[in-house]
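Below is one structure, written out as structure tokens; comments come after it.
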Amino acid sequence: MNRELVRIDPVTETYVTDKITTSGSVGVDVLVMVDNSGSMADEQTLLSRNFPELIRELLQPVDAVNNDTGEPFPDGRADHVPIKSIHIGIVSSDMGTCGYETSEPTGCSLFGDDGKLQHIPNPNVSPCDSNYPAYLEYESEEFPPPREPNSPALPEIEKLANDFACIAILGTKGCGFEQQMEVVLKALTVHIQDGVNSGFLRYDTILAILFVTDEEDCSVDITNPENLRIFDPAFDQELGPMNRRCTLHEEMVYNVDRYVTGLTGLRDPVEDLVMGMIVGVPPADKAPECNGFIGEIDSSACLARDDMQAEPDPNNQEMMKQSCVSTDPNKGAYPPRRFIQLAQRFMALNP
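In this note's numbering, the protein residues as written are 865 to 1215.
Here it is, written out as structure tokens:
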């Protein structure tokens, strides 16, 4: 099937997605990386509202609609083959300070959530179960009947959609040094091998990864212990403002190629890996080159845009200039250059 990931329009404006193609007999494992830093409350709420509709569409799609009449086809066929098996896991962007003890409190713990699947229900969401397994799953032997437009799915599918909404709102107390790419890689490699995320990733499925974040990736290269100083306020004079360090010192973060190699290595053929990004690129009406399916974006043109440059805010040199501007200055998003680079490299491997 060819389906767009559901678009979510908070201030983290826009999306870069890939397409899923499956016969329905193949399972799908979906890992959603949710930024849980201080600016993400609105985005998490919108994710919890909109992603369940994607779940319904994947598992029990609506009747195909005749484009000429606007009416469903009389044979009741669905617009794509339903998926019979799905695993859904959630990780946060918080890896703390990678074990480094800072000279003063920074709001970051030593290791954060460290790529472990998150499954504690948010107390502000209801109705929810009191606890959930490490990941959500759905299995069906038979294809369900297609849904009528604007109608609910089967009860077990509605339960899965509601369960996702319960655990997707992770809160906003995560570390401000977001390590989105490293979190995903660790969740799908190290923590599969050591059993922490055991059972989530199967080896005969399509793997779909969705990044939801309003800031740039800051996956710190811990192979050099000196790089851990990036977390410490004591090095302001040498390393610059905390909020800009990750872009000022690209030598202290892993090269994006690490994630291209690591993630594509999880699936053979690479077509069985799907990526989606809801990140802070400028809106589609202003920057079409930055939006759409991965095969449709013009990554070079996107990265060349003035509003996609990693530059200081002219009104506050300690902050980054926003790439996606909101009327509320606290709700803008920042240039996701590393994410566009990841999409660019992934596109080259999966044209």
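Just so you know, even glycine gets a beta-carbon here, dropped at the ideal spot from N, CA and C.
At what residue ranges does the segment 1057-1143 contain a whole run of the alpha helix (DSSP H), taking only runs of 4 or more? 1100-1103, 1109-1112 and 1121-1128
Skipping 5 residues on each side, what residues in its chain have a beta carbon closer than 6 Å to that of Lys1185? For the purposes of this step, residue 1185 is taken as residue 321 along the sequence shown, with counting starting at 1. Hits under 6 Å: Glu1175 and Asp1177.
Who are the near neighbours of Ser901 in its chain, counting only those whose CB is closer than 6 Å to its CB and skipping five residues on each side? Translated into the one-based positions of the sequence shown, residue 901 becomes position 37. Closer than 6 Å at Cβ, skipping near neighbours: Gly1038, Gly1040 and Glu1042.
By how many angstroms is the C-alpha of Lys1195 removed from the C-alpha of Glu877? Locating residue 877 in the sequence shown gives position 13, where the first residue counts as 1. Locating residue 1195 in the sequence shown gives position 331, where the first residue counts as 1. Because Glu877 carries a pLDDT of 39, less than 50, the predicted location of this residue cannot be relied on, and no value is offered for it.
Pair within 8 Å by beta-carbon distance, Met897 and Val955: The residue given as residue 897 occupies position 33 in the sequence shown. The residue given as residue 955 occupies position 91 in the sequence shown. Yes, these two residues count as a Cβ contact at 8 Å.
If you measure between the beta carbons of Met1211 and Ser1187, is that distance less than 8 Å? Numbered from 1 along the sequence shown, position 347 holds the residue referred to as residue 1211. Numbered from 1 along the sequence shown, position 323 holds the residue referred to as residue 1187. Met1211 places its beta carbon 8 Å or farther from that of Ser1187.
To the nearest angstrom, report how far apart Val1047 and Met1139 are at their CA atoms. Translated into positions along the sequence shown, residue 1047 becomes position 183. Translated into positions along the sequence shown, residue 1139 becomes position 275. Roughly 15 Å between the two C-alpha positions.
Based on Cα-Cα distance, which residue from Gln1208, Leu1206, Tyr1198 and Gln1205 lies nearest to Met904? As a first step, residue 904 must be located in the sequence shown, where it is residue number 40. Ranked by Cα distance from Met904, the options Gln1208, Leu1206, Tyr1198 and Gln1205 are led by Tyr1198.
Inter-stretch contact (C-beta, 8 Å, three-pair minimum) for the segment 1021-1037 and the segment 1063-1071: no
From which residue to which residue does the beta strand (DSSP E) around Asn1180 run? As a first step, residue 1180 is located in the sequence shown; it is residue number 316 there, counting from the start. Here the beta strand (DSSP E) through Asn1180 covers Asn1180 to Met1184.
Look at Pro1105 and Glu968 and say whether their C-beta atoms are less than 8 Å apart. As a working mapping, residue 1105 is identified with position 241 in the sequence shown. As a working mapping, residue 968 is identified with position 104 in the sequence shown. Cβ atoms of Pro1105 and Glu968: not closer than 8 Å.
Secondary structure of Phe1028, DSSP reduced to three states: Locating residue 1028 in the sequence shown gives position 164, counting from the first residue. Shown here, Phe1028 sits in a helix according to DSSP, grouped into three states.
Beta strand (DSSP E) containing Met897: first to last residue? If you number the sequence shown from 1, residue 897 lands on position 33. Element bounds for Met897: Val892 to Val898.
Across the segment 1008-1020 and the segment 916-923, are there enough close Cβ pairs to call them in contact, namely three or more that are closer than 8 Å? yes
Cys1166 and Val1145 look like a contact to me (Cβ under 8 Å); what is the Cβ gap, rounded to whole Å? Taking the sequence shown and counting its residues from 1, the one referred to as residue 1166 is at position 302. Taking the sequence shown and counting its residues from 1, the one referred to as residue 1145 is at position 281. So it is a contact: roughly 7 Å between Cβ atoms.
Val1076 versus Gly891, Leu910, Val890 and Val892, residue with shortest Cα-Cα distance: In the sequence shown, the residue the question calls residue 1076 occupies position 212. Of the listed residues, the one whose Cα sits closest to Val1076 is Leu910.
Give the straight-line distance between the Cα atoms of His1001 and Asp993, rounded to the nearest whole angstrom. If you number the sequence shown from 1, residue 1001 lands on position 137. If you number the sequence shown from 1, residue 993 lands on position 129. Here residue 1001 turns out to be Glu, not His, going by the sequence shown. The alpha-carbon atoms of Glu1001 and Asp993 are separated by roughly 15 Å.
The segment 1149-1165 touching the segment 1114-1132, judged by at least three CB pairs closer than 8 Å: Touching, no, given that fewer than three Cβ pairs across the two stretches are closer than 8 Å.
Here's the rule I'm using: 16 or more other beta-carbon atoms within 10 Å means buried, otherwise exposed. How should Asn988 be labelled? Counting from 1 along the sequence shown, the entry for residue 988 is found at position 124. Label assigned to Asn988: exposed.
Beta-carbon proximity list for Pro997, same chain, < 8 Å, skipping 5 on both sides: What you label residue 997 is simply residue 133 of the sequence shown in a count that begins at 1. Hits under 8 Å: His983.
Going by DSSP in three states, Asp978 sits in which element: helix, strand or coil? For the purposes of this step, residue 978 is identified with residue 114 of the sequence shown, where counting begins at 1. Three-state DSSP puts Asp978 in coil, outside helix and strand.
Have a look at Gln1205 and Phe1157 and give me their C-alpha separation to the nearest angstrom. Counting from 1 along the sequence shown, the entry for residue 1205 is found at position 341. Counting from 1 along the sequence shown, the entry for residue 1157 is found at position 293. Rounded to the nearest angstrom, the two C-alpha atoms are 14 Å apart.
Only counting the same chain, and skipping five residues up and downstream in sequence, which positions put a Cβ closer than 6 Å to that of Lys980? Within the sequence shown, numbered from 1, the residue matching residue 980 stands at position 116. Contacts found: Val1060.
If you compare alpha carbons, which of Tyr999, Leu1130 and Glu1182 is closest to Cys1110? On the sequence shown, position 246 is the one that residue 1110 refers to. If we check each option's Cα against that of Cys1110, Glu1182 comes out closest.
Contact under 8 Å by Cβ, Val1084 with Cys962: For the purposes of this step, residue 1084 is identified with residue 220 of the sequence shown, where counting begins at 1. For the purposes of this step, residue 962 is identified with residue 98 of the sequence shown, where counting begins at 1. Closer than 8 Å, so yes.
Considering only residues of the same chain and omitting the five flanking positions on each side of Ile950, which have a CB-CB separation below 6 Å? On the sequence shown, position 86 is the one that residue 950 refers to. So the list reads Val892 and Tyr1002, once near-sequence residues are dropped.
Return yes when the Cβ of Ile947 is within less than 8 Å of the Cβ of Phe1028, no when it is not. Position 164 of the sequence shown holds residue 1028. Position 83 of the sequence shown holds residue 947. Result no, Cβ atoms of Phe1028 and Ile947 do not sit closer than 8 Å.
Tell me the rounded alpha-carbon separation between Met959 and Asp899. Numbered from its first residue, the sequence shown carries residue 959 at position 95. Numbered from its first residue, the sequence shown carries residue 899 at position 35. Each residue's Cα considered, the two are about 11 Å apart.
Ordered list of alpha helix (DSSP H) runs contained in the segment 988-1042, each at least 4 residues: 1019-1032
Cβ distance (whole Å) where Asp1127 is taken to contact Ile1073 below 8 Å: Position 263 of the sequence shown, counting from 1, holds the residue named residue 1127. Position 209 of the sequence shown, counting from 1, holds the residue named residue 1073. As written in the sequence, residue 1127 is Leu, which differs from the Asp given in the question. Leu1127 to Ile1073, Cβ: 7 Å. Contact.
Within 10 angstroms of the Cβ of Gly976, are there 16 or more other Cβ atoms? Answer buried if so, exposed if not. Residue 976 sits at position 112 when you count from the first residue of the sequence shown. Label assigned to Gly976: buried.
Once the 5 residues before and after Arg1201 are set aside, which same chain residues still bring their CB inside 7 Å of it? Within the sequence shown, the letter at position 337 stands for residue 1201. Around Arg1201: Glu1080, Leu1167, Met1172 and Ala1174.
Using a Cβ-Cβ cutoff of less than 6 Å, which residues in the same chain neighbour Val1134 once the five nearest sequence positions on both sides are dropped? Locating residue 1134 in the sequence shown gives position 270, counting from the first residue. Closer than 6 Å at Cβ, skipping near neighbours: Thr1128, Leu1213 and Asn1214.
With a CB to CB cut of under 7 Å and the five nearest residues on each side skipped, what residues in its chain are close to Arg1131? In the sequence shown, residue 1131 corresponds to position 267, counting from 1. Closer than 7 Å at the Cβ level, and outside the excluded window around Arg1131, lie Leu1071 and Leu1137.
CB-CB length for Tyr964 against Phe1064, believed under 8 Å: What you label residue 964 is simply residue 100 of the sequence shown in a count that begins at 1. What you label residue 1064 is simply residue 200 of the sequence shown in a count that begins at 1. Contact between Tyr964 and Phe1064 fails: their C-beta atoms lie close to 28 Å from each other, not under 8 Å.
For Pro1008 and Val1117, what's the separation of their Cα atoms in angstroms? To locate residue 1008, count along the sequence shown from 1; it is residue 144. To locate residue 1117, count along the sequence shown from 1; it is residue 253. One C-alpha to the other measures close to 46 Å.
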